[in-house]
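Notes follow once the structure below has been shown.
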Amino acid sequence: MSTKENAKDENAENGSADQDNKGRGDSSSGFIILFFIVGLVASLVVGWIVFPKLLYSRKKQPIDFNHVIHVETVDEGCESCHFFREDGTFSGIPKLEQCTDCHEEAQGEDPNEIKFVEEYVAKEKEVPWLIYSRQPDCVFFSHVAHVKMAKMDCATCHGPVGESEHSKVYEKNRITGYSRDIWGKNISGFKKNTYDRMKMDDCAQCHEKETGDKGSCFQCHK
Ligand code: HEC
Ligand code: HEC
Ligand code: HEC
Ligand code: HEC
Ligand code: HEC
917 MSTKENAKDE NAENGSADQD NKGRGDSSSG FIILFFIVGL VASLVVGWIV
967 FPKLLYSRKK QPIDFNHVIH VETVDEGCES CHFFREDGTF SGIPKLEQCT
1017 DCHEEAQGED PNEIKFVEEY VAKEKEVPWL IYSRQPDCVF FSHVAHVKMA
1067 KMDCATCHGP VGESEHSKVY EKNRITGYSR DIWGKNISGF KKNTYDRMKM
1117 DDCAQCHEKE TGDKGSCFQC HK
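Under the working numbering, the final residue of the sequence shown carries the number 1138; numbering is consecutive throughout.
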């Protein structure tokens, strides 16, 4: 049988099937709506729950760091470890030498501290901390402009890290290579806190609000 005839036959069959179905039209449209809903729910689950889980790889910090214990122990709060140098540049994540005064030897029984002392302090090896807020290389950012000049809180951009008892998991976007802290907690782009996301538009939005001007490309891209 040629394909043309085949198609004709099918059409004829479908035609009669349609007529048979007329009386049951209500229930079949019910099924169509049900299928539509099932499909919609399935794609929402994939898009909102499965995809974001697959999109980010999760890494633990090499050592779990407790900010609460340390902020209580040091003399000058955050500045003891995250300080500005004379030339205005920001020290960022502390170097090992800032820890060794207190951790020459383990102070307690905490296995995490013992690991830190044995694997890093004793071997004089820097801890390869992962940086949640790291921007791509093309972006220029200055802490002194925001913290000293504009008097902003660390938490505005970083959230309550200074009050945390554990280092949070570092989530890296498999496609862009950016950290979750840059591209946002919420896949839909919805933002509850100022620190949920730090993309270009988030920087520019605050600049426009504070200074009435979005700024030129060269303000942030040198
Ligand atoms: C004893 C030293 C020490 C003190 C004091 C300290 N920090 Fe930290 N901070 C660290 C270390 C080590 C890390 C890296 C480990 C981590 O991210 O959990 C870090 C990481 C951070 C980060 C993450 C930056 C990023 O994007 O990865 C922020 C934000 C931060 N600290 C804010 C604060 C604030 C705010 C305070 C004061 C309330 C403070 N720290 C006090 C040692 C310190
Ligand atoms: C002013 C002294 C001081 C400095 C500076 C200091 N620590 Fe500590 N650290 C302590 C004390 C006190 C404890 C609590 C000891 C205990 O009871 O286990 C502690 C506990 C720890 C622990 C185990 C508890 C936990 O889970 O976090 C780790 C790991 C640690 N410190 C890492 C660091 C690192 C990394 C640095 C440098 C960025 C640092 N410390 C700088 C005093 C200090
Ligand atoms: C206006 C937003 C903003 C504020 C306010 C802010 N930060 Fe940051 N912070 C950033 C950004 C953006 C980066 C990433 C910079 C980069 O990748 O060049 C960063 C990076 C860091 C890092 C990692 C730096 C490194 O590369 O070693 C630490 C630690 C940190 N900030 C701590 C602090 C602390 C402590 C305060 C308060 C004194 C603070 N920040 C205030 C936005 C901010
Ligand atoms: C919550 C508000 C806020 C956020 C978020 C913010 N900024 Fe700013 N930024 C300011 C203010 C306020 C100033 C100071 C403006 C002035 O007085 O000129 C400033 C100044 C700057 C300057 C000029 C510094 C100089 O040396 O002239 C740069 C560059 C900059 N911001 C980059 C960034 C980048 C990149 C981000 C995002 C990662 C960012 N900012 C996020 C508020 C913000
Ligand atoms: C207030 C600071 C700021 C201004 C002004 C700004 N940018 Fe950006 N830009 C960023 C930040 C932060 C990122 C990284 C996060 C992201 O991709 O959103 C970025 C990312 C980019 C990227 C993607 C680079 C990459 O490696 O993913 C391009 C392209 C870009 N900017 C172009 C521009 C152009 C063109 C202008 C001027 C119209 C401009 N930017 C103005 C802060 C800024």
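Yeah, the Cβ is synthetic: ideal placement off N, Cα and C, and Gly gets one too. The structure displayed is predicted, hence computed values, not measured ones.
ILE1030 is a Cβ neighbour of ALA1022, given a cutoff of 7 Å. Ordered along the chain, residues surrounding ligand 4 are GLN1051, VAL1055, PHE1056, PHE1057, SER1058, ALA1061, HIS1062, MET1065, ALA1066, MET1068, THR1072, CYS1073, THR1110, MET1114, ASP1118, CYS1119, CYS1122, HIS1123, GLU1126, THR1127, GLN1135, CYS1136 [Cβ under 7 Å from any heavy atom]. Contact between the region 1032-1048 and the region 977-997 is established, with three or more Cβ pairs separated by less than 8 Å. When the alpha-carbon of GLU995 is set against those of ASP1003, VAL962, GLY1008, the nearest one is in GLY1008. Listed in chain order, the beta strand (DSSP E) elements of length 3 or more contained wholly in the region 944-1001 are 972-975.
A straight line joining the alpha-carbon of PRO1027 with that of MET1068 spans about 36 Å. Following the DSSP letters along the chain, one finds ASN1089 inside the beta strand (DSSP E) bounded by residues 1086-1089. In terms of CA proximity to GLU1034, THR1016 leads the group SER1049, THR1016, ILE1047, ARG1050.
By the 16-neighbour rule on beta-carbons within 10 angstroms, MET1116 is exposed.
Set against 6 Å, the gap from the CB of CYS1133 to the closest heavy atom of ligand 5 is smaller. Distance from the C-beta of TYR972 to the nearest heavy atom of ligand 1 is not below 6 Å.
Within its own chain, the residues whose Cβ lies closer than 7 Å to the Cβ of ARG1050, once the five positions on either side in sequence are excluded, are SER1095, listed in chain order. In this structure, GLU1087 places its C-beta atom within 7 Å of the C-beta atom of ARG974. Collapsing the DSSP output to three states places PHE1006 in a strand.
Ordered along the chain, residues surrounding ligand 1 are GLN977, PHE981, HIS983, HIS986, VAL987, VAL990, GLY993, CYS994, SER996, CYS997, HIS998, ILE1009, PRO1010, TRP1045, ILE1047, TYR1048, SER1049, CYS1070, HIS1074, VAL1077, GLY1078, SER1083 [Cβ under 6 Å from any heavy atom]. In the same chain as LYS1138, and ignoring 5 residues on each side of it, the C-beta atoms closer than 7 Å to its own belong to PHE1056, in chain order. Per DSSP, ASP1112 lies in no alpha helix (DSSP H) and is assigned neither H nor E. For CYS1054, there is no enclosing alpha helix (DSSP H), as DSSP gives it neither H nor E.
Under DSSP, SER1095 shares a beta bridge with LYS1088.
Less than 7 Å separates the beta-carbon of PHE1006 from that of HIS1059. Residue burial is scored here from C-beta neighbours: ILE1098 has at least 16 other C-beta atoms within 10 angstroms and is therefore classed as buried.
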